[in-house]
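A short write-up of the structure that comes next.
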Amino acid sequence: MKAIDYFCERDPDAFPLWQKATVGIAGAGGLGSNCAIMLARAGIGKLIVADFDKVSLSNLNRQSFNIDQVGMPKTDALKMNIRMINPFIQLQMHDLRLTPNNIPSLFKDVDVMIEAFDKDSQKLMLIETWFKHHPKIPLICASGLAGYGRSEEIKIQHEGSFYIVGDQSSRLKDGISPIAPRVMIVAAMQANLSLEIIAGKDK
Amino acid sequence: MKDKILINGRSQDWQQGMTVRDALKMMNYTFPMLVIKIDGELVPKDAYDTTTIPEGADVMIVHLISGG
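If you read the protein sequences in the order shown, they are chains A and B. Here our numbering is used: the first sequence runs in plain steps of one and ends on residue 203. Here our numbering is used: the second sequence runs in plain steps of one and ends on residue 1068.
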C-alpha cells in the first residue's frame, strides 16, 4: 500500500498541516483511545500517547479496545488498533503514569495537547503542570460527560490557549462509568478542535 | 470598571484585597475541583487563599469533573 493511495481525497489546505503536526494525548481510556483513532484517521502526522493502565472488561463499554486485548497495556493495544487503520502515522506510546515531573519533557514538542484523564485530580494536575511549563501550547481538556442524552449541552469554553469540552455539570454516580456516546462526543469534539487549531482556523 | 470584576463574563462586586477564596465564597462556588484563570493566568489550587484579584480583572471559573 502506498501513502499516495491511502491519503487520497484529502483537504488540500488543512491536510498538509495535519501531516506535519504532533498531538499529545494524556490517557488512553474512553477519551484518549477514541480521540487517537479519530486523529489517526484524519491524518495527523504523529501522536504521543501515555497511559499506565491495562485494558479491562469494564473498559469496553466506551474505550476502543477488544475482548482479546483485555490485560494488555492500553498503549500497546491502542497502537495495534491504530496500526490496523493507518500504517503511516508515527506513534510514540508511553506505558507509564504521567506526573508533573515527566509531562513537560514527554510532550514538549506537541502542537496541541489533549487531556484525556478520568479523575478530576489528574485533570487538574495536568492543567497546572501544562500552564507552568508550556503556557503557549494549546491544551484541550474535558469536563462533564457522564450519563446519556443531552448531547446539545456539551460545549467548548475557551480562554487563551486553554480549551475545555463538556457540559460542565454531569457528575458520575458512584460505581457507574461513563457511557460510549457522550464520551465519544467529547473525544470527537477534542479531536475536531485540535484539527481546527492546527489548520489555523480556530477563533 | 470601578469596584467591579468580571466572573465568567458577568460583572460582580470587587473589594480591595479580595482573594480567589473570597470570590468563590461570594459566588457560592462549592465545587471541589475548579479551573480558575485571572486575566489569562492560571491560579494553582494551592494559591486560592493567597492570590488577590485586581480591580477590573477578567476571571474564568470552570468546573472540573471526573469522567473520561
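In this text, a Cβ means the ideal position worked out from N, Cα and C, and glycines have one as well. Remember, it's a predicted structure, so these values are computed and weren't measured experimentally.
Given residue i, which residues of its chain have a CB within under 7 Å of its CB, disregarding the five upstream and five downstream residues?
i, result
"residue 133/A", "104"
"residue 171/A", "146"
Take residue i and list the residues in its own chain whose beta-carbon comes closer than 6 Å to its own, dropping the five residues that flank it on each side.
i, result
"residue 34/A", "64, 184 and 187"
"residue 122/A", "none"
"residue 190/A", "35, 114, 140 and 165"
"residue 202/A", "196"
"residue 27/A", "51, 116 and 117"
Compute every distance between the C-beta of residue i and the non-hydrogen atoms of the ligand NAD, then say whether any falls below 6 Å.
i, result
"residue 202/A", "The model depicted lacks the ligand NAD and carries no ligand whatsoever."
Mind pulling the chain B residues with CB within less than 9 Å of residue i?
i, result
"residue 123/A", "1033, 1035, 1064, 1065, 1066 and 1068"
"residue 127/A", "1035, 1042 and 1064"
"residue 107/A", "Result: empty, since nearest Cβ-Cβ is about 17 Å, beyond 9 Å."
Would you kindly report the start and end of the unbroken alpha helix (DSSP H) that includes residue i?
i, result
"residue 120/A", "120–133"
"residue 15/A", "14–20"
"residue 3/A", "3–6"
Assign residue i to one of two classes, buried (16 or more other C-beta atoms within 10 Å of its C-beta) or exposed (fewer than that).
i, result
"residue 204/A", "Residue 204/A lies beyond the range of chain A shown here (1 to 203); nothing can be said about it."
"residue 74/A", "buried"
"residue 111/A", "buried"
"residue 182/A", "buried"
"residue 2/A", "exposed"
"residue 80/A", "exposed"
"residue 138/A", "buried"
"residue 173/A", "exposed"
Cβ closer than 8 Å: which chain A residues qualify as neighbours of residue i?
i, result
"residue 1045/B", "124 and 128"
If the cut is a Cβ gap below 9 Å, which residues of chain A does residue i touch?
i, result
"residue 1027/B", "Going along chain A, no residue has its Cβ under 9 Å from residue 1027/B, so there is no contact; the nearest lies around 15 Å."
"residue 1018/B", "Those do not exist, as residue 1018/B stays about 20 Å from chain A at its closest Cβ, beyond 9 Å."
Residue i touches chain B at which residues, Cβ-Cβ below 7 Å?
i, result
"residue 149/A", "The contacting residues do not exist; residue 149/A stays about 15 Å from chain B at best."
"residue 236/A", "Since the displayed chain A opens at 1 and closes at 203, residue 236/A lies outside it and no answer follows."
"residue 120/A", "1033, 1064, 1065 and 1066"
Who are the neighbours of residue i on chain E, taking C-beta pairs under 8 Å?
i, result
"residue 159/A", "Included in the structure are the protein chains A and B, with no chain E among them."
State the start and end residues of the unbroken beta strand (DSSP E) segment that holds residue i.
i, result
"residue 201/A", "Unbroken run through residue 201/A: none, as it is neither H nor E."
"residue 33/A", "First-last for residue 33/A: 30–42, but that is the alpha helix (DSSP H), not the beta strand (DSSP E)."
"residue 142/A", "139–142"
By Cβ distance below 8 Å, which residues in the same chain neighbour residue i in space, the five residues on each side in sequence not counted?
i, result
"residue 1017/B", "1052"
Residues of chain B with a CB under 8 Å from the CB of residue i: which are they?
i, result
"residue 183/A", "1067 and 1068"
Q.
I want to know whether the segment 1046–1058 of chain B touches the segment 1018–1025 of chain B - three or more CB-CB distances under 8 Å.
A. yes
Discussion item. Quick check: the segment 111–118 of chain A against the segment 1024–1043 of chain B, are at least 3 beta-carbon pairs closer than 8 Å?
Written reply: no
| request: Report yes or no: do the segment 89–106 of chain A and the segment 34–53 of chain A share at least 3 C-beta pairs separated by less than 8 Å? | output: yes
Touch check for the segment 172–180 of chain A and the segment 151–162 of chain A: three-plus C-beta pairs under 8 Å? no
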